[in-house]
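There are 2 protein chains.
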Amino acid sequence: MLNSEQFSQNPNLYIFLPLYYTLWEDFNLSKSDIEVMNRLVDSQSWLKDEESDLLKEYLNPNQKPSAQELKNWRNHIQFIKPQNLKNLTTLGLELVKTHQNGHDFKITESDKEAFEIAEKELGLIFNEAAYRFQDGHSTITSKQESKSSFDPKLMQEILDGSKMELIQKVKDTLSKPEFDYHQHENISDQREQVLEWCKILAKEGYGSWAFPRDYGGRGDMEGYFTIMETLSYHDLSLVIKFGVQFGLWGMSVYFLGTEKHHQKYLKDIGSLELPGCFAMTETNHGSNVRGLETTATYNHQDKTFTIHTPHEKARKEYIGNAALHGQKATVFAKLIIDGEDYGVNTFVVPLRNKEGELHPGVEIEDCGHKMGLNGVDNGLIAFNKVIIPKEDMLDKFASVDEDGNFKSTISSDNKRFFTMLGTLVGGRIGIPRSGLSAAKSGLTIAIRYANQRKQFGPEGGGEVPILNYRMHQRRLMPLLAKSYALHFALKYLTNRFLTKSEEEGQEIEALAAGMKAYGTWFTTTALQECREACGGKGYLSENRIDDLKNDTDVYTTFEGDNTVLMQLVAKSRLTEFKKEMGDMNVTTIFNYLTKQAKTTFSEKNPIIVRSTDEKHLLDFEFHLNAFKYRERAIVASAGQRIKRLVDEGMDSFDAVNVAQHHLVNVGQSYIERKVLEQFQLAVETTQNEACKNSLKQLCSLYALHTIEQNKGWYLEQGYLEGVKTKAIRKMVNQLCWETRQDAKGLTDAFGIPDNLLSAPIAFLD
Amino acid sequence: MLNSEQFSQNPNLYIFLPLYYTLWEDFNLSKSDIEVMNRLVDSQSWLKDEESDLLKEYLNPNQKPSAQELKNWRNHIQFIKPQNLKNLTTLGLELVKTHQNGHDFKITESDKEAFEIAEKELGLIFNEAAYRFQDGHSTITSKQESKSSFDPKLMQEILDGSKMELIQKVKDTLSKPEFDYHQHENISDQREQVLEWCKILAKEGYGSWAFPRDYGGRGDMEGYFTIMETLSYHDLSLVIKFGVQFGLWGMSVYFLGTEKHHQKYLKDIGSLELPGCFAMTETNHGSNVRGLETTATYNHQDKTFTIHTPHEKARKEYIGNAALHGQKATVFAKLIIDGEDYGVNTFVVPLRNKEGELHPGVEIEDCGHKMGLNGVDNGLIAFNKVIIPKEDMLDKFASVDEDGNFKSTISSDNKRFFTMLGTLVGGRIGIPRSGLSAAKSGLTIAIRYANQRKQFGPEGGGEVPILNYRMHQRRLMPLLAKSYALHFALKYLTNRFLTKSEEEGQEIEALAAGMKAYGTWFTTTALQECREACGGKGYLSENRIDDLKNDTDVYTTFEGDNTVLMQLVAKSRLTEFKKEMGDMNVTTIFNYLTKQAKTTFSEKNPIIVRSTDEKHLLDFEFHLNAFKYRERAIVASAGQRIKRLVDEGMDSFDAVNVAQHHLVNVGQSYIERKVLEQFQLAVETTQNEACKNSLKQLCSLYALHTIEQNKGWYLEQGYLEGVKTKAIRKMVNQLCWETRQDAKGLTDAFGIPDNLLSAPIAFLD
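Chains as they are written, first to last, in the working numbering: chain P, 933 to 1697; chain Z, 933 to 1697.
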């Protein structure tokens, strides 16, 4: 075409060239495409017949340009370095101008319009087709980049708070060469490595941190959680091995035992002289631990207990430290005196001696390879009539007196059992805090990678960091916001736990159960998303998301299965609710709701449910009211529903089962409200303006994204109307876009040392 | 209390015993609880003063019963084997009757009412508190069990269809002792094992199944997919190694090469004499493969190509078979002739000889340990000016002629490249089919376990299989339904692919891209849920969910990142839409929608959007219309939105980015409609009534659960109202409950041999 006589005689024909190039380069020319083009050619009054013929000829599939010819066309267009890329018609006109020595093509308006109509009919309504002829085409998307609006060091101070020094100390320890990561040859090596690491930590005093000073500790329980959390930037097997030894084994002796046990054991536990286990779960009883079957039968004659496993499915299972290293264990067993069952109590039982030889009557089976945490030696334990002295009953809450009578300040077996479990609630704080650290590592890796990794870009422009893509922001920014939300909420939970009065016990237990479930589900979700967001690189173990994900995967089911825990939270909420409601009917419920959430009902007015005003959408009060409304409405409707079913004659167990899915939402909505409250409080108490603004944005993102996830429910209730949920979706997109600029700074503020992060993809620059 | 003078004198006092027991056993007696009880005592006209005093005394925390006393109360109540367990008051009356030698207690109505009010005020509105005194308390929940409504063998025949025989043959092969699972010592062992397995499969002819008979094959491409799918009940590393060798390497030679390549290579590929690789992805170009940087420069003088890696980030990465076994590779590289770039073409390039020595100029790095698929030796390949003869260019679509000129029937580099990729679309069929098999294994394991595993139960009753819990059903039943939906949809995709005409090419490519994304996301979600649903047992590698999950995790990002693929689908849908729309405005869009989906708009009438009629909710037409409406409304609004942004002056690249999240939904909703259509068709064509009914139920569950997941959107649109979405939620619960009974049969119908399933928790009975 370019070399034809016609083109050299009439340079105006160049107006067609960009269109023809695009047709042959991009289209599978259909019959209708050809018709459009034929109409266009026919419409142009200025064309001579032979010119029309030439143009139509070049639409004939049998006359198509060769690969070389197509390249020549393109080079020809690009050669003029076109500026006006509105569409292919304007580009064509520019081309004509060059060939006419700078004179404009005097085309009639209607002829020009025919070109633009043709472009539209061909579906070329955007300007992408034109951009490819320009070099260095830049766009808003291309230009977005990281520019932290605050000083990450200051943000880190806010996150670390009063424990900054201890956090740094732990990081320094972990940065010693002994803690370098390496691929393990096999499980045995890995387990030995993790034990060695634990010994170093014990030597540095971390193991006994929570124990009283008299037993070599610092009496700093908050510090213990901080250590767990900071260790979690390193190897998670180490964290769990550490937690089993000093948390589960140590704390069970500390909280369930008395002075004599503390004297006898605590120091050696803290120094790892005495590795031990926490043996509660049995094969047949995991969630329902009240049903444990191991027995501890009191022998009057010699004042001993016989610890016994009645059958294979009653073995203690998944017990950390059991397969290899544990020498003693806190064993949960039903106390039997004279044939009477006094419920589950706890006993210190020997497993093996210092040389590793099993105690007579103890049988151990290795749990073998696991999805993760293979540095922890989990095992099954069977006791075949193992005798222990009377004083090895952990007797803080119950004991057997000199005459062989059962004694307890808590008469009810159930209440005693749950009181004992209540003292161990710390595990449900340590786990989500550990999981959050793992999620922070994953997010830091994925966000740093996405900030550097480029892929695709505008036609004629360079490739763009994948974090500039809205979808990628949608995947990662809400998770980043939620990681901050959880950070403050878990800090709050820890404080409540450490300062709790007796009356607050049940509230804190429910809160811990719910936070554990909410937090660990977050960890699993976040790390799964990070894996996928890093593509093939995320699949390579060197980039650590593999271990982070697999090691923490069990967090959702240990220390209590999450769905069971959420029901536990729901039941505690329902109990509160039932107490207030007594005999439920519509009026009292309405009164209850209006009393408890005065503002929410007034909000359900026609103006507010439709409001899309930006200021309103970003208003903390709107967010919190929406969360509170949901929480209260769900608990009320769950209560009503169960009540109605029971009134209709359904067994209450069945009624609760019918509402089970509903109950999980009761727990979830309660926890979400608590989390948002703490995040908002953290924002409000932040002094530094820049940090405060960034946190405020994150907090809004957390709130609106959560509302968006529940928008079906809000719409069903009439609490929000479609116009508003759409505006919320748009606002979430906008917040993701804005947060993207702070994203790297926000992960820097986690303060995870590079050597612990380790993943090569986090350090592409 | 029991031994008091008062009780022996006035047996009517026994009416209080169940209430007192419950208070001391369950309550942390609060001030208000005590007030309630005091009021109750005061209200009873028949009580003597000293009796009232006794009762009040027993509310004093300083006078609380001992553990032993509490047990005595309980034993006392249980001893009478109470029948009337409506509440604690009726139980108390029954107790009195026993002590009064069968005479009823003549209590006044108002006194009795005071008891019942007190129970309510204490929050004891359900009968759980009473049930604990009865043995063998059974409930609807306790009684639910597996009872297949159809013959699983017949259902299996429906699923296996015409490939039943081949499926059985592959299962038989996999059931040979050579294929027994065992824990691998290390990666090297695992890789050797997988290679050995592949050799056995090759020997049995599976490797060349898809190749023409002339080259040792069966010419049965459908069979190839069936083999991949069936192998996926076994080790996934084996599947991928198999797929790399016979699918990627073999099919690339088959589809991109010509006769001479087939003759030279196919037979040896099929027999695994010639292990090879498919080397497309580079470190810097994964999703955006058009940007590959490896070059193949034509040398006129000796008619050869020089294959070269320009820099480290342009190395071929994640290439299966590269680290150890591959001898040759199909390499994607930009063809350069005389400095002109002719786009990406493919070449057969040597990597190492039969002895494993690397070819000169080839450098390989092992990708190392991965999250999963460690039986596959992925590697990085760098080419340092490796020379290959001209005839090793795979020249189906382009070639260099004797004079060194580029020749192609497809002039456009882009179009040629995408045509080449189009021939390889089979990978996007094999992967989701493999993933679906893995999900089926996981679901079979999780459902069988939940069917046997018991935990918790009603007060006074035995523990209940966890699959009887509604929440557990909610977690697993929709996934089971979706696995069936995908089964039929993937079968349909395979048929469309195998029988496609040239015009259908783009449609099938988009369909395959979308099905790959939809299917593999399902696999990841399903296996994550199965892991959690099996608790600690799910975390043990012996139960296989570990490997199933980790091996398939990469499926969401290989053969194309899922979010990128969904956008590809969306763009194909938008192109269709744009073509029809031309210049978009509200009227034409309305016309378009009404034309395309006549029924949907008429459905948006006030009666139907609120209909909660069961028959309507289970109506296939309602389901499909809802899916279609969503699909069309989303594509129209995405198109409008992008158009509006561009009209407002936004760069089209930015506009598409703004709508990216929206576009993923365009892809998703299209795929969902296609999947539902195929599932409904499968139901309608099923002959056996019992199977048909069960499939119909599953299909409704899939449809309604999908609508429920998108209910926020439907409510926003006014297509459904809250009353209807609530009814849908209820119906989903109901369908889960009903499906639970068929669940075991539905997993039996997958026909996964026990030895391949292997997980001990799948065989508790």
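Cβ atoms here follow ideal geometry from the backbone N, Cα and C, with glycine treated the same way.
Notebook entry, point to check: Can you give, in chain order, each stretch of the alpha helix (DSSP H) that sits fully within the region 958–1044 of chain Z and has at least 4 residues?
Noted result: 963–975, 981–989, 999–1011, 1020–1031
Next item on the list: Kindly indicate which residue of P/Gly1149, P/Lys1108, P/Leu972, P/Leu1002 has the alpha-carbon position closest to the one of P/Ile1049.
Entry: P/Leu972
Checklist line | Rounded distance between the beta-carbons of P/Cys1130 and P/Leu1204, thought under 8 Å | finding: 6 Å
Next item on the list: Closer than 8 Å by beta-carbon distance: list the chain P residues that pair up with Z/Val1590, in chain order.
Entry: Neighbours of Z/Val1590 in chain P, taken as residues at a C-beta separation under 8 Å, are given in chain order as Arg1402, Asn1665.
Note to self: Quick check: the region 1186–1195 of chain Z against the region 1124–1141 of chain Z, are at least 3 beta-carbon pairs closer than 8 Å?
What the structure shows: no
Margin query: Bridge partners for Z/Leu1472 per DSSP, in chain order?
Written below: P/Lys1302
Notebook entry, point to check: Mind pulling the chain P residues with CB within less than 9 Å of Z/Lys1414?
Noted result: What Z/Lys1414 touches in chain P: nothing, since even the nearest Cβ is about 18 Å away.
Notebook entry, point to check: Which term fits P/Arg1576, buried or exposed, when burial requires 16 or more other beta carbons within 10 angstroms of its beta carbon?
Noted result: exposed
Notebook entry, point to check: Closer than 8 Å, CB to CB, is Z/Ile1540 near chain P or not?
Noted result: no
Next item on the list: Scan the region 1588–1619 of chain Z for residues whose Cβ lies nearer than 7 Å to a Cβ of chain P and list them as they occur along the chain.
Entry: Asn1589, Val1590, Gln1592, His1593, Val1596
Item checked: Short Cβ contact (8 Å threshold) for Z/Val1171 with Z/Gly1252 -> Contact annotation: Z/Val1171 and Z/Gly1252 have beta-carbon atoms that are not nearer than 8 Å.
Next item on the list: Compare the C-beta of Z/Tyr990 with all C-beta atoms of chain P and state if any pair is closer than 8 Å.
Entry: The Cβ of Z/Tyr990 sits no closer than 8 Å to any Cβ of chain P.
Item checked: Continuous alpha helix (DSSP H) stretch holding P/His1555: start and end -> 1552–1579
Checklist line | Contact set for Z/Thr1495: own chain, Cβ-Cβ below 7 Å, skip 5 residues either direction | finding: Taken in chain order, the residues that qualify are Val1596.
Check: Quick one: is P/Gln1490 buried, meaning 16 or more other Cβ sit within 10 Å of its Cβ, or exposed?
Finding: Just to set this straight, residue 1490 of chain P is Phe in the shown sequence, not Gln. Buried: at least 16 other Cβ atoms inside 10 Å.
Next item on the list: Reducing DSSP to helix, strand and coil, say where Z/Val1518 ends up.
Entry: Residue placement at Z/Val1518 cannot be trusted, given a pLDDT of 46 that sits under 50; the coordinates are not used to answer.
Item checked: Inter-residue Cα distance where the pair is Z/Phe930 and Z/Thr1671 -> The shown model of chain Z, from 933 to 1697, leaves out residue 930 of chain Z, and the question about it has no answer.
Note to self: Quick check on the burial criterion: 16 or more other C-beta atoms within 10 angstroms. Buried or exposed for P/Pro1387?
What the structure shows: Position check: residue 1387 of chain P holds Gln in this sequence, whereas Pro was assumed. With 16 or more other Cβ atoms within 10 Å, it is buried.
Next item on the list: Could you work out which residue in Z/Lys1656, Z/Gln1666, Z/Ile1361, Z/Tyr952 is closest to P/Ser1343 when comparing CA atoms only?
Entry: If you compare the alpha carbons of Z/Lys1656, Z/Gln1666, Z/Ile1361, Z/Tyr952 with that of P/Ser1343, the shortest gap goes to Z/Tyr952.
Margin query: Buried or exposed for Z/Glu983, going by 16 or more other Cβ atoms inside 10 Å?
Written below: buried
Note to self: Given a cut-off of 8 Å on the beta-carbon distance, is the pair Z/Glu1244 and Z/Thr1213 in contact?
What the structure shows: Contact flag unset, no.
Margin query: Given this structure, state the Cα-to-Cα distance separating Z/Leu1025 from Z/Asn960, to the nearest angstrom.
Written below: Near 25 Å, if we compare the C-alpha coordinates of Z/Asn960 and Z/Leu1025.
Checklist line | Z/Met1212, DSSP secondary structure in three states | finding: coil
Note to self: Counting only Cβ pairs nearer than 7 Å, list the residues of chain P close to Z/Lys996.
What the structure shows: Ser1343
Check: Which residues share a DSSP beta bridge with P/Gly1367?
Finding: BP columns for P/Gly1367 are empty, so no partner.
Notebook entry, point to check: With distances taken from CA atoms, which of P/Asn1383, P/Asn1642, P/Leu987 is nearest P/Lys1676?
Noted result: P/Asn1383
Next item on the list: Evaluate Z/Glu1097 with the Cβ neighbour count: other Cβ atoms within 10 Å of its Cβ, from every protein chain shown; 16 or more gives buried, anything less gives exposed.
Entry: Within a 10 Å sphere around the beta-carbon of Z/Glu1097 sit fewer than 16 other beta-carbons, which makes this residue exposed.
Item checked: Segment limits, alpha helix (DSSP H) that includes Z/Ser1184 -> 1182–1188 is the span of the alpha helix (DSSP H), which, as asked, contains Z/Ser1184.
Margin query: Taking the beta carbon of Z/Thr1341 as the centre, do at least 16 other beta carbons fall within 10 Å, making it buried, or is it exposed?
Written below: Classification for Z/Thr1341: exposed.
Margin query: Quick check on Z/Ile1539: buried or exposed, where buried means 16 or more other Cβ atoms within 10 Å of its Cβ?
Written below: A residue is called buried when at least 16 other Cβ atoms come within 10 angstroms of its Cβ; Z/Ile1539 does not meet this threshold and is exposed.
Notebook entry, point to check: If you check the beta carbons only, do P/Asn1316 and P/Glu1295 fall under 8 Å apart?
Noted result: yes
Check: Can the beta-carbon of Z/Gln1010 be found closer than 8 Å to that of Z/Phe1047?
Finding: no
Next item on the list: Taking a Cβ distance cut-off of 9 Å, strictly less, list which residues of the region 997–1008 of chain P are near chain Z, in chain order.
Entry: Pro997, Ser998, Ala999, Gln1000, Glu1001, Leu1002, Lys1003
Checklist line | CB contact check: P/Phe1237 to chain Z, cutoff 8 Å | finding: no
Checklist line | Given P/Glu1395 as reference, the closest of P/Glu1041, P/Ile1072, P/Trp1005 once Cα atoms are compared | finding: P/Ile1072
Next item on the list: Buried or exposed for Z/Asn1400, please, with buried defined as at least 16 other CB atoms from any protein chain shown within 10 angstroms of its CB.
Entry: buried
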